[in-house]
Amino acid sequence: MTHLLEVQDLVVKFGLRSGDLTALNGINFTLDPGERMGLVGESGAGKSVAGFSIINLISKPGFIASGRVLFEGEEISAYPLEQMRGIRGNRISMIFQDPMMTLNPVLTIGTQMVETILAHNRISTAHAREIALEKLSKVYISSPGKRLGQYPHELSGGMRQRVVIAISLLTNPSLIIADEPTTALDVTIQAEVMALLLELCKNEHMGLILITHDLGVVSQVTEKICVMYAGRIVEQGPTESIVTNPRHPYTRGLIQALPQGGGGRGRLHQIPGMMPNLTSIPPGCAFHPRCEHTMDICRSKAPQLFGDSETPGLVACHLYAQAR
Amino acid sequence: MTDSKSLVRISNVVKHFDISGGFLDRISFSGGRPSLTTTTVKALNDVSLDITQGEILSVVGESGCGKSTLGRTVLGLYPPTSGEIAFRDTRIDNLSARQMLPYRRKMQMVFQDPYASLNPRMTVRQILEEPTSFHFPDLSRSQVQDKVAEVMRQVGVDPAWAGRYPHEFSGGQRQRISIARALMVDPEFIVADEPISALDVSIQAQILNLIMDCQERFGLTYMFITHDLSVVEHISTRVAVMYLGTLCELADKKNLYGEPQHPYSRALLSAIPRLGSKGFSHMRLKGEVPTPINLPPGCVFHTRCPFTEERCRREIPALRTLPNGSRAACHALEEGRI
Amino acid sequence: MRLWKRFRSSYFLYSFLHDPVAMGSFAILAFLTLAAFGAPVIAPHNPYDTTTINIMDSEIPPVWMEGGEQNFTLGTDAQGRDMLSTMLYGMRISLIIGVGATLMQAVIGIVLGLLAGYKGGRVDSFLMRMADVQLSFSTLMVAIFLSAIFQAIFGVAAFERLAVPFLVLVIGIAEWPQYARTVRASVLAEKKKEYVEAARVMGLPAARIMWRHILPNSMSPILVLSTVQVAHAIMSEAALSFLGLGMPITKPSLGSLINSGFDYIFSGSWWITMFPGILLVLLILVINLLGDWVQDVLNPKLYKG
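Protein chains in written order, with our numbering: chain A, 1103 to 1426; chain B, 33 to 370; chain C, 2 to 306.
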């Protein structure tokens, strides 16, 4: 069976005056049709760059230095810009943190939706309107007919994000890339929007890449997780096993740093230091200056992702290589 | 409700912001006659709250619920429209700037955005020295410098970096400096307005630990304003839940997280994304948060509450103590309907 | 030392060294300024010294033209003054008035702008309406009013002596609202930031917050405006002088030089107007080009065309 998406050794660099910076350092993962994956990491980990580079939407001075992206078996990373546009916003949709990145403030919701449909399909305007209405009701927007005539600023934040989701559904994509879709929203609205996204992915059998820093949200929505640190995937595997049994010291630290419910007020586990800047990524394992298990090899050799038969998932850490 | 231990008492505070603008903006025509309209945002509606010495009182709620306004009103950044604020039983909301000075030192604030809360044109040393020499004019220059170095060490920033500008520090370190600035004047009470929401997860833990350490070491009392309910559960003693400028529920942490009473608290708590939970089981609220310009009559939550009855639309519920010790403002709870 | 280091590694210097237009403009401006203020040393003649001026030398064309004299490189004006020397002295006056008037505008504008922005409410409304009223009088009208009053009180002779401070005052008063508006807008933006709230929580007095915290953070727009305003003030002065409301012909600025030559332009002595004119255009041009560059550096968010 072909994967929905296959990313092979993707390297993304930023060309600067002082030389090239490596933002993504050899990313590998696959996504099956209908599968939901979380791309987790802190700011600067490269998770958004990873998401954008899949659809070749990295802004200058960033560029894909090497590696391939296969979407439904086609190598889309080699597509020229024109051909890429046919995929982007059509078979792969994006949802951004700020809904206003997708919505044009001076056009009504209806105009924007109809235009999107007409750009990809040759149908009548009336027919396009029907589709728009149908998608709006799919995202549980009340009185969708009225919303079509409204401007984005007349809607609340949660409502706008729903409209963005409805727009992303217009072309019946097989993959949605959502970059921090609920970070700007309140808890109750976040729950609603995420629940909606989960339901739609299940019903329409769409793949989802959820880029976020919130492990709680990821564990509710996704089936597998890639944890990123300083431009590399340090651990990947089924959501459940990563959340209950994290192996990489960074993943473990992240999970323990979260205040857990039902407890006393003890000190939280804290990872010392902070994520390195792209200009000064430490040699060897990028996490070694902050790790509590650092060994000599960590300082010189970068660990590769590998798996073993006992635990599902892959981890890039010398600790486990040694045990093997 | 006078409690001898109360450090800060907020009594019936109302804060309205006039956003009607200039004279020309206010003219409107109704029925052919010109009239002046006033548009006010009702940010706080009759909030009463006691903060006890030594506790961490968290104020939670969604954006626009007035939690930040409450914190700023307590510190006198906004004068309350009506109501009183007392610090150690002295009313402070009507003091002049000069009379307020001794209290300024006792009450400090830590802000949300570590990038905006430090003056970008001042070095860390200047930022920390300014409040110290202002509030302790008797200290010699070297004493001030010693104090700066000491506090910097306490918050975990190397004093050797005092000559640097804020932009040379990471977000977490800036937040440490921001905390250091508050600590410079030996405060007793700190309002922390979303101090960790702009930080990364691993840094959040560092700052939360620092906040708790400071509480222990200096015997501080906090008003901790946040929307992050899992953080609240970890650090607070008591929690106040706000909705649309109104206090819905005030409860001990254990009570609130164990058995939330007010329907809004229930909805809020059910929506926390929990690690390891699959799918969603949150309580769905209908509709949207109304605007604070046109508050719904009666209980402000009635437009979205699943337990709304006739009385909720008419009468504003008062905060009442419930059998489990929590205090909540809800007719349905009072009538035993839920 | 540290400051110098910071400056050397700054983006400011970097972008300057990578912008030939900025560097060229700066070089020309520096050269012109040096020449203007070094006029007593480098100018071949002293146009203020009436004993050296001979009316017989009037309207001598530039040296490369027929009838030109080695002694007067750019020719002479109608009074027989050496054009080059008079222009250098005139440019000095233009620059002094331009910079002085801008400083005056800046002081008035910054103080009132800070007050209006920080205090808000009635103070704000009052000051800004005042600014509107001020802006609806043109610089010319202010100059005509004030010079009439001035000459009535002090007499015409005194005006000749006090022309420079008078022009600084007129242009300063006429154009302070530009500064006040810019500063107010910037204060309104800065006031909302949390570091200002932090200073208020500390109980710092309002004057100190305005001066120590808000003003340093409003310097970028003020700096950008200042370059524009210097150019503008020089132009205003030239315009006033051209209309006879500015510098007297005995102590000419570039504007009064252009004016004095205007009557002779059709009698063939074009150089009396042309050379000061070219110099004025060049001066304004390089200041504006530098201003453009400063604007680009300080407001990187602004898109370039």
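We put the beta carbon where it would ideally sit given N, CA and C, even for glycine. Just so we're clear, the structure is a prediction, and the values are computed from it rather than from any experiment.
Among the options, which residue has its Cα nearest to the Cα of residue i?
i: Gln80 (chain C); options: C:Ala234, C:Gly278, C:Asp264 and C:Tyr180; result: C:Asp264
i: Val45 (chain B); options: B:Glu161, B:Ile117, B:Glu342 and B:Lys37; result: B:Ile117
i: Ser202 (chain B); options: B:Arg359, B:Asp178, B:Leu150 and B:Asn326; result: B:Leu150
i: Ala192 (chain B); options: B:Val176, B:Met184 and B:His199; result: B:Met184
i: Ile1313 (chain A); options: A:Gly1375, A:Gly1128, A:Gly1140 and A:Ala1125; result: A:Gly1140
i: Glu1294 (chain A); options: A:Leu1257, A:Val1241, A:Asn1305 and A:Gly1247; result: A:Val1241
i: His266 (chain B); options: B:Gln236, B:Asp232 and B:Lys47; result: B:Gln236
i: Asp113 (chain C); options: C:Ala239, C:Val64 and C:Trp177; result: What sits at residue 113 (chain C) in the sequence shown is Leu, not Asp. Answer by Cα proximity: C:Trp177.
i: Met275 (chain C); options: C:Asn260, C:Val287 and C:Ala181; result: C:Asn260
i: Leu317 (chain B); options: B:Pro329, B:Leu307 and B:Thr340; result: B:Thr340
i: Leu1277 (chain A); options: A:Ser1411, A:Leu1172, A:Asp1410 and A:Asp1122; result: A:Leu1172
i: Ile88 (chain B); options: B:Ser297, B:Thr113, B:Arg359 and B:Cys246; result: B:Cys246
i: Glu1282 (chain A); options: A:Pro1201, A:Lys1237 and A:Leu1112; result: A:Pro1201
i: Ala1147 (chain A); options: A:Asn1127, A:Cys1393 and A:Gly1164; result: A:Asn1127
i: His1420 (chain A); options: A:Glu1177, A:Val1336 and A:Ala1286; result: A:Val1336
i: Ser126 (chain C); options: C:Glu67, C:Ala181, C:Tyr90 and C:Phe146; result: C:Ala181
i: Lys1248 (chain A); options: A:Gln1406, A:Gln1362, A:Ile1211 and A:Met1377; result: A:Ile1211
i: Ser408 (chain B); options: B:Arg249, B:Asp260, B:Asp178 and B:Gln158; result: Residue 408 (chain B) cannot be examined here, being either before or after the span of chain B that is shown, 33 to 370.
i: Met129 (chain C); options: C:Glu70, C:Val202 and C:Thr183; result: C:Thr183
Would you mind reading off the limits of the beta strand (DSSP E) that contains residue i?
i: Asp284 (chain B); result: Thr278 to Asp284
i: Cys1328 (chain A); result: Lys1326 to Tyr1331
i: Thr84 (chain B); result: Thr72 to Thr84
i: Arg66 (chain B); result: The question names Arg, but residue 66 (chain B) is Pro in the sequence shown. Run containing Pro66 (chain B): Arg65 to Leu68, per the beta strand (DSSP E) assignment.
i: His48 (chain B); result: Ser38 to Asp50
i: Arg1430 (chain A); result: Residue 1430 (chain A) cannot be examined here, being either before or after the span of chain A that is shown, 1103 to 1426.
i: Glu116 (chain B); result: Ser114 to Phe119
i: Ser95 (chain B); result: That residue, Ser95 (chain B), is in no beta strand (DSSP E); it is neither H nor E in DSSP.
i: Phe1131 (chain A); result: Gly1121 to Leu1133
Under 9 angstroms between beta-carbons, which chain C residues line up against residue i? List them in chain order, please.
i: Arg213 (chain B); result: Ala199 and Met203
i: Ser149 (chain B); result: Lys194, Glu195, Tyr196, Glu198 and Ala199
i: Asp145 (chain B); result: Lys194 and Glu195
Could you name the residues of chain C that residue i contacts, counting a contact when the two beta carbons are closer than 7 angstroms?
i: Gln140 (chain B); result: Val202
i: Leu107 (chain B); result: Val202
i: Pro152 (chain B); result: Asn218
Please list, in chain order, the chain A residues whose beta carbon lies closer than 7 angstroms to that of residue i.
i: Gly308 (chain B); result: Ser1321, Val1345 and Thr1346
i: Ala299 (chain B); result: Thr1290
Over what stretch of residues does the alpha helix (DSSP H) that includes residue i continue unbroken?
i: Glu1108 (chain A); result: Where Glu1108 (chain A) is concerned, there is no enclosing alpha helix (DSSP H), although the beta strand (DSSP E) it sits in stretches over Leu1107 to Leu1118.
i: Arg1264 (chain A); result: Gly1259 to Leu1271
i: Ile172 (chain C); result: Ala164 to Lys192
i: Ile1225 (chain A); result: No alpha helix (DSSP H) holds Ile1225 (chain A); DSSP gives it neither H nor E.
i: Gln297 (chain B); result: Note that residue 297 (chain B) corresponds to Ser in the displayed sequence, not to Gln. It spans Pro295 to Ser302 - the alpha helix (DSSP H) in which Ser297 (chain B) sits, taken as one unbroken run.
i: Val282 (chain C); result: Trp272 to Leu299
Please list, in chain order, the chain B residues whose beta carbon lies closer than 9 angstroms to that of residue i.
i: Arg1369 (chain A); result: Ala237, Leu240, Asn241, Met244 and Asp245
Cβ closer than 8 angstroms: which chain A residues qualify as neighbours of residue i?
i: Phe312 (chain B); result: Ala1293, Met1296, Ala1297, Leu1300 and Gln1322
So with CB distances below 8 angstroms, who are the chain C contacts of residue i?
i: Arg136 (chain B); result: Val202, Met203 and Gly204
Give me the chain B residues within the contact set of residue i, using Cβ-Cβ distance strictly less than 8 angstroms, ordered along the chain.
i: Ala1359 (chain A); result: Val233, Ser234, Gln236 and Ala237
Along chain A, in chain order, which residues have C-beta atoms closer than 9 angstroms to that of residue i?
i: Ala303 (chain B); result: Asp1288, Val1289, Thr1290, Ile1291, Gln1292, Ala1293 and Glu1294
| said: For the pair the region 309–316 of chain B and the region 1324–1335 of chain A, tell me if three or more CB-CB distances fall below 8 angstroms. | reply: no
| said: Any C-beta of chain C within less than 7 angstroms: which residues of the region 161–193 of chain B qualify? | reply: Pro163 and Phe166
| said: Taking contact to mean 3 or more Cβ pairs, one atom from each stretch, closer than 8 angstroms, check whether the region 1175–1187 of chain A and the region 1148–1165 of chain A are in contact. | reply: yes
| Three CB pairs or more closer than 8 angstroms across the region 221–234 of chain B and the region 135–148 of chain B | yes
| field | Residues in the region 18–35 of chain C having any Cβ partner in chain B nearer than 7 angstroms | value | none
| task | Using a Cβ-Cβ cut-off of less than 9 angstroms, list which residues of the region 195–211 of chain B approach chain A; keep chain order. | result | Ser202, Gly203, Gly204 and Gln205
| task | Pair every Cβ in the region 1297–1309 of chain A with every Cβ in the region 1134–1154 of chain A, then say whether three or more of these pairs are closer than 8 angstroms. | result | yes
| Can we say the region 159–173 of chain C touches the region 101–116 of chain C, given the rule of at least three CB pairs closer than 8 angstroms? | yes
| field | Near-chain B residues of the region 203–229 of chain C (beta-carbon distance less than 7 angstroms), N- to C-terminal order | value | Met203, Gly204, Leu205, His214, Pro217 and Asn218
| If you pair each beta-carbon of the region 62–71 of chain C with each one of the region 123–143 of chain C, do three or more pairs fall below 8 angstroms? | no
| Between the region 270–286 of chain C and the region 221–238 of chain C, do at least 3 Cβ pairs fall closer than 8 angstroms? | yes
| said: For the pair the region 1228–1246 of chain A and the region 1263–1275 of chain A, tell me if three or more CB-CB distances fall below 8 angstroms. | reply: yes
| request: Note down, in chain order, all residues in the region 249–281 of chain B with a beta-carbon under 7 angstroms from any beta-carbon belonging to chain A. | output: His259, Leu261, Ser262, Val263, Glu265, His266 and Ile267
| said: Three Cβ pairs or more, each shorter than 8 angstroms: is that satisfied between the region 104–119 of chain B and the region 288–296 of chain B? | reply: no
| query | Is the region 163–176 of chain B touching the region 217–234 of chain C, taking contact as three or more C-beta pairs under 8 angstroms? | reply | no
| task | Could you name the residues of the region 122–135 of chain B whose beta carbon sits closer than 8 angstroms to any beta carbon of chain C, in the order they occur along the chain? | result | Ala129, Met132 and Leu133
| Would you say the region 274–286 of chain B touches the region 353–361 of chain B, given that touching needs at least three Cβ pairs under 8 angstroms? | yes
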